[in-house]
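Novice:
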Amino acid sequence: GINAEYGGALISRQLALPAFFKAPIRPDVVHFVHSKIAKNHRQAYAVSKEAGLQTSAESWGTGRAVARIPRVRGGGTHRSGQGAYGNMCRSGRMFAPTKTWRKWHSRVNRKMRRHAICSAVAASALPDLLMAMGHKVDKVAEAPCVIEAGVESFTKTKQSVTLMKAIEANEEEEKA
């Protein structure tokens with residue numbers, strides 16, 4: 552139904568439910584599209600390409616009863632003789648250093664996006680699903696609750712609080 556408020560009085564009238572709300576509910580499609588689109592806000596990151604490679608090191612070779620990992624040259628410090636470069640070494644580089652040219656973004660077919668939107672809106676028309684998601688809509692007359700376009704001109708929070716109380720959705724407003 553459509554709910555409107557004129558001079559503090561709530562006016563309701565019934566309308567046929569648009570076909571949009573009768574679309575099949577596909578949580579798999581919604582999840583797939585959401586997870587793909589969420590990747591489009593990522594920023595590239597990578598380790599420095601010199602990280603772990605800023606020492607002069609060379610393997611001691613075989614015959615010394617130590618691993619053949621490159622070792623820091625020199626003497627007179629704890630660092631000399633320690634393993635270097637390898638991903639298993641302290642202060643070594645990581646395995647397969649991350650690069651900025653990784654594939655960060657992901658495109659989704661337009662039709663699939665539209666199916667996901669239809670499915671999500673259709674799911675919003677089922678009170679059981681809304682309550683399963685934690686929304687307090689058990690006292691609301693019906694879902695979906697359609698309200699006239701005049702609410703877009705509200706400038707004060709008091710006006711929206713009054714409207715939420717009028718349509719019995721003040722528990723939902725307190726939760727938010």
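Position one of the sequence shown corresponds to residue 552 (the numbering used here), numbered consecutively onward. By construction, the Cβ of each residue, glycine as well, lies at the ideal position given by its N, Cα and C atoms. Fair warning: this is a prediction, and the values are worked out from it, not measured in the lab.
Using the beta-carbon count (16 or more within 10 Å), is Leu604 buried or exposed?
Specialist: Exposed.
Novice: Strictly by DSSP, which residues pair up with Pro621?
Specialist: Paired residues: Ser610.
Novice: As a quick exercise: from Ala608, Thr613, Thr628 and Gly627, pick the residue whose alpha carbon is nearest that of Pro621.
Specialist: If we check each option's Cα against that of Pro621, Ala608 comes out closest.
Novice: If Glu719 sits next to Ala692, beta carbons under 8 Å apart, how far is it from one beta carbon to the other, in whole angstroms?
Specialist: The Cβ separation is near 7 Å, so the contact holds.
Novice: Indicate whether Phe572 and Pro695 have their beta-carbon atoms separated by less than 8 Å.
Specialist: Yes, Cβ-Cβ distance for Phe572 and Pro695 is below 8 Å.
Novice: Let me know if Ser670 comes out buried or exposed under the rule of 16 or more other beta-carbons within 10 Å of its beta-carbon.
Specialist: Burial call: buried.
Novice: Just list the residues that DSSP pairs Gly634 with in beta bridges.
Specialist: DSSP lists Arg622 as partners of Gly634.
Novice: Would the beta-carbon of Ala597 fall within 8 Å of that of Trp655?
Specialist: No, the Cβ-Cβ distance between Ala597 and Trp655 is not below 8 Å.
Novice: From which residue to which residue does the alpha helix (DSSP H) around Leu681 run?
Specialist: Leu681 -> alpha helix (DSSP H) spans Pro678 to Ala683.
Novice: Which class does Val584 belong to by DSSP, given the choice of helix, strand or coil?
Specialist: Here Val584 sits in helix by DSSP.
Novice: Contact between the segment 615-634 and the segment 683-690 is defined here as three or more beta-carbon pairs at a separation below 8 Å; is this criterion met?
Specialist: These segments do not touch.
Novice: Identify whether Arg698 lies in helix, strand or coil by the three-state DSSP scheme.
Specialist: The amino acid at residue 698 is misidentified as Arg; the sequence shows Ile. Correct three-state label for Ile698: strand.
Novice: Leaving out five residues on either side along the sequence, give the residues of the same chain with a beta carbon under 8 Å from the beta carbon of Val672.
Specialist: Correct list, in chain order: Phe571, Phe572 and Ala574.
Novice: Restricting to Cα atoms, I'd like to know which of Met715, Arg661 and Thr713 is closest to Val580.
Specialist: Checking every option, the nearest Cα to that of Val580 belongs to Arg661.
Novice: Which word fits Ala676, buried or exposed, when buried means at least 16 other C-beta atoms lie within 10 angstroms of its C-beta?
Specialist: Looking at its Cβ environment, which holds 16 or more other Cβ atoms inside 10 Å, Ala676 is buried.
Novice: Quick check: what's the CA-CA separation for Ile698 versus His585?
Specialist: Spanning the two alpha carbons is a distance of roughly 27 Å.
Novice: Following the continuous alpha helix (DSSP H) through Ile668, name the residue where it begins and the one where it ends.
Specialist: It spans Arg661 to Ala674 - the alpha helix (DSSP H) in which Ile668 sits, taken as one unbroken run.
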